[in-house]
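In this note's numbering, the protein residues as written are 9 to 353.
So the structure is just underneath, and the comments pick up after that.
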Ligand SMILES: Cc1cc2nc3c(=O)[nH]c(=O)nc-3n(C[C@H](O)[C@H](O)[C@H](O)COP(=O)(O)OP(=O)(O)OC[C@H]3O[C@@H](n4cnc5c(N)ncnc54)[C@H](O)[C@@H]3O)c2cc1C
């Protein structure tokens, strides 16, 4: 017998709002390296930690550990650090630095739930990022993936992290490299997908899901409880860093690194999401960037990945198309309330 899982309510009444954000992508992948800045920036020791593309929530903890290792190689034990940026990468880095015994001040224009990180769904998958073009670089990235997922598993439910099954219809893009690094078990083939109107074959695998509003709030609390401080400020130019009191800086400015550190390998990838009223479905539907996540505060419908577009505001027409696409998967009509849906509401 085929078990059909609960279908979402995709009616107009269930639409909460449209949101958008820009993924901080980088040609060549992550930049995690130490640099000594010039005298115009006070000769500070900087560790860069940016370029997380479409998977920063997934990999923030692995890259934070790499950054801490580089800080330890650049500074004396106990010397304090300023972390630039308070998205998931800056917060995870601040937590790991504080846990290693350093004093930390986080400087950012926006903090936690006001950042791009709060727009993310977020499913644990290494999407929208280059793994690297040498075996060494790929092995290094695979290590980051494994350490990241371990850290998130350890944080678990109190940080808004749970394991969910991900259902993909046949024909969805396949990425073997997501599974051949030892962080996730491989997908299992299904003769009949238990979701959607088509009733065709598909596959399923388990991964972590991060309820980003919960995760970001808990990370801010953790920084504070370990004695970290926050300063709300925009850094306009590299010379502003000369005035930062700490001898060491970790740069987690994401897309902000393009202009501040003149890194033209950075490029934007615009994303948009339709947020529906929360629905506790207990599974994820995934088909490339056409995905559905049951986040606690909203059912999240994605999406798109528009390379080279750095507008963060959502486009109404595009969001309506995202909604229509999901309705079609579930066999719904134009207003989402009727049509031949195989799975019951
Ligand atoms: C629609 C969408 C869906 C996504 N889905 C997922 C997903 O399912 N799973 C996943 O893992 N990832 C997902 N991502 C990607 C993820 O959101 C990013 O990779 C991640 O947020 C990057 O984190 P970050 O901390 O580097 O950047 P941000 O969250 O952008 O934080 C950057 C920080 O730097 C600060 N800053 C920047 N410039 C300056 C400046 N000049 N002065 C002072 N402060 C500055 C900002 O204020 C902010 O505090 C998604 C992204 C989008 C847009």
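Quick reminder that beta carbons are idealized off the backbone N, C-alpha and C, glycines included.
Computed from a predicted structure; not experimentally measured.
Distance from the C-beta of residue 128 to the nearest heavy atom of ligand 1 is below 7 Å. Under DSSP, residue 301 forms a beta bridge with 308. Looking at the DSSP output, residue 141 sits in no beta bridge, so it has no partner there. With a beta-carbon spacing of about 7 Å, residue 231 and residue 114 fall inside the 8 Å limit used to define contacts. Straight-line spacing of the CA atoms in residue 253 and residue 104 works out to 20 Å. The three-state reading of DSSP puts residue 183 in coil, since its state is none of H, G, I, E or B. Annotation: residue 166 is outside any beta strand (DSSP E) and is labelled neither H nor E by DSSP.
In this structure, residue 120 places its C-beta atom within 8 Å of the C-beta atom of residue 99. Apart from sequence neighbours up to five positions away, the residues of its chain that approach residue 195 with a beta-carbon distance below 6 Å are 211, 213, ordered along the chain. Distance from the C-beta of residue 222 to the nearest heavy atom of ligand 1 is not below 7 Å. For residue 237, the CB contacts under 8 Å within the same chain, skipping 5 residues up- and downstream, are 112, 113, 114 in chain order. Residue pairing by DSSP places residue 230 opposite no residue, since no beta bridge is assigned to it. Between residue 37 and residue 140, the C-beta gap is smaller than 8 Å, which places the two residues in contact. By the C-beta criterion, the stretch 131 to 139 is judged to be in contact with the stretch 28 to 46, since at least 3 inter-stretch pairs fall below 8 Å. Remark: the C-beta of residue 334 is outside contact range of ligand 1, defined as less than 7 Å to any heavy atom. Collapsing the DSSP output to three states places residue 151 in a helix.
Between residue 116 and residue 313, the alpha-carbon positions lie close to 26 Å from each other.
Boundaries of the alpha helix (DSSP H) around residue 265: 264 to 268.
The DSSP-derived three-state label of residue 121 is helix. Comparing alpha-carbon positions, the option among 188, 95, 107, 300 lying closest to residue 221 turns out to be 95.
In the same chain as residue 67, and ignoring 5 residues on each side of it, the C-beta atoms closer than 7 Å to its own belong to 60, 134, 152, 153, 156, in chain order. Per DSSP, residue 294 is one residue of the beta strand (DSSP E) stretching across 292 to 295.
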